[in-house]
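Chains as they are written, first to last, in my numbering: chain Y, 1 to 227; chain E, 1001 to 1227.
Before any comments, here is the structure.
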C-alpha cells in the first residue's frame, strides 16, 4: 500500500465528495478527468478547481472523442431530457447514458494507477439516487476489479493489487450532500448539469440537476450553485 | 446474434489474421484502431490498408494520448530493446509493455459494440509466442468478458451478450502465418515493427520483428516485408 490513489473527478457533486473522502483517509490523490466530446465541458473547469482546492498531487485530463461512435445525448445532437419526474428517471436507461463510459474511464485510471504505483482507484458511482446506468452497479464494479487484478504488470509480478473504492455507492444524494458538508468541501466549485449555459450555470431541469436539487432539499442544505 | 463483430486491428500480422478469421466465419466486421501516441504510427496506415482489403464495413480510429502517463518504451523516449534472444523475451515484462493497453482497447471496443449492436469482439492476442504481456493471458480475457457482460445497456435489458473472441490465443506464430496464408491474406499490407524507419520499413531487430521472423521461418514461408 503506497497511500496513493487515483481519483476519477468529473467536477460534479459525487466525484468531489469521493475525492474529499479519499483525502480524509490520508491518501495522496492523483486526479483524472476526461474530455470525451461531452457537451458539458464546463465540468472540466470545475474538476480543475476542485482538484486544486483539495490538494491533489496531480490532475491529468485524458482527451478522446466518443462522438466518433455516437449513441448518447451527452455526446451527440440528441436533446438532453428535461423536467423528468423521479419515477421516469427510475424507468429504463436514459439517452444520456454513454456506452461503456465507466469501463473506459476505469481502464484509463488503471493505466494511470500502474504508472504511478497507486493501489486504489476511487470512483464516485452511486447505485441509489442514480439514473439507471448499468456501469454504476456494485456487481459491475466488482467484475471490473476482478479483471483489473489480472490486467497489470503488477498482477503478474505479484507486487500490486488494485482496489476499486466506491465510498458513495450505497449513499443517497442527501447523504452525499451531508458528507460533503461534514468534510468542509466547497460545493460552489462543482458543476453537475448535463446542459449548462455558456457561462457554466446549471439548467436546473436535466436529470443531473434534478437529482442534485433533491439531494440538497432532503439534506436541508442550500445549494450554493442555485441562487 | 447479429453477425456483427468489432475487430481490433493494429495492422500487424496477428490482428490481420484475426480479422481474416472473423470474415471467414461470415461476420460483418467493424474495425477499430488506436492512435495513442505510439512511436510506430506506420501501423495505422497498415490497418487502413488491411481493413479495406478485407472488406470491413467501417474502420474507426480512436485517438488518445497515453504519453500523458508515460511508463512504456512504445509511448516515451525509452529505447526499444533490440536483438533480444527468445529466452530474454520470455523473462519478465519488457519496457514495450503499455500499461493497461488491452484493457483500454477492449473498453473502446465494448462501447463501439454497444453502439453498433455487435455481439462479438475479436482481438488477436496470443499467449504462446508473445512478449509476456499480462493482458494477453486467457484468464485476463475471461475476466474482461465477465465484466463486459455487466457493463452495458444490453446487459441490463437482457437482449445482448458480448463475447470476446480470441482465435489466435493458443496458436504459435508459425501457426498464425500458416493460417493467414490459408485464408489468402496479403501479409505485405501489414506492419509489425515497434520501431520502423520513416518509410515504415521494419527494423528486423525489435521483439516484434524477431517474433514475426521466427514465425515465418518455422512455417517455411518467406515474409513479403523482408527483402
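All residues carry an ideal CB built from backbone N, CA and C; glycine is no exception.
Not a single CB atom of chain E sits nearer than 9 Å to the CB of residue 161 (chain Y). Between the alpha carbons of residue 171 (chain Y) and residue 16 (chain Y) lies a gap of roughly 14 Å.
Counting along the chain, the unbroken beta strand (DSSP E) around residue 7 (chain Y) starts and ends at 4–8.
Shown in chain order are the members of the stretch 1099–1127 of chain E whose Cβ falls below 7 Å from a Cβ of chain Y: 1099, 1100, 1103, 1104, 1107, 1108, 1110, 1111, 1112, 1114, 1115. With its beta carbon less than 9 Å from one in chain Y, residue 1060 (chain E) belongs to the interface. Against chain Y, a Cβ distance below 8 Å from residue 1066 (chain E) picks out 111. Taking residue 55 (chain Y) as the centre and dropping the five residues before and after it, the same chain places the C-beta of 23, 29 closer than 8 Å to its C-beta, in chain order. Under a 10 Å Cβ-count criterion, residue 43 (chain Y) is classified as buried, with 16 or more other Cβ atoms of the shown protein chains found around its own Cβ. Contact check for residue 134 (chain Y) against residue 1117 (chain E) fails: the beta carbons are separated by 9 Å or more. Contact between residue 1027 (chain E) and residue 1145 (chain E) is ruled out by a C-beta separation of about 17 Å, above the 8 Å threshold. Assignment of residue 32 (chain Y) by DSSP, reduced to helix, strand and coil, places it in the strand class. Taking 4 residues as the minimum length, the alpha helix (DSSP H) runs contained wholly in the stretch 1101–1168 of chain E are 1101–1116, 1138–1151, 1153–1157, in order along the chain. Following the DSSP letters along the chain, one finds residue 62 (chain Y) inside the beta strand (DSSP E) bounded by residues 58–63. Residue 1098 (chain E) counts as buried, since at least 16 other C-beta atoms from the protein chains shown sit within 10 angstroms of its C-beta. Closer than 8 Å at the C-beta level to chain E, one finds these residues of the stretch 132–146 of chain Y: 132, 134, 135, 137, 139, 140, 143, 144, 146. Chain order gives no chain E residues near residue 17 (chain Y), where near means a beta carbon separation below 9 Å; the closest approach is about 24 Å. Rounded to the nearest whole angstrom, the CA to CA distance from residue 181 (chain Y) to residue 209 (chain Y) is 18 Å. At a Cβ-Cβ threshold of 9 Å, residue 113 (chain Y) and residue 6 (chain Y) count as neighbours.
Using beta-carbon distances, residue 1148 (chain E) counts as an interface residue toward chain Y, with a partner under 9 Å. Ranking E:1168, E:1173, E:1084, E:1013 by CA distance to the CA of residue 1138 (chain E) puts E:1168 first.
In this structure residue 1014 (chain E) does not touch residue 1036 (chain E) by the C-beta definition: roughly 17 Å separates them, more than the 8 Å allowed. In the structure shown, residue 1206 (chain E) adopts extended strand secondary structure according to DSSP, grouped into three states.
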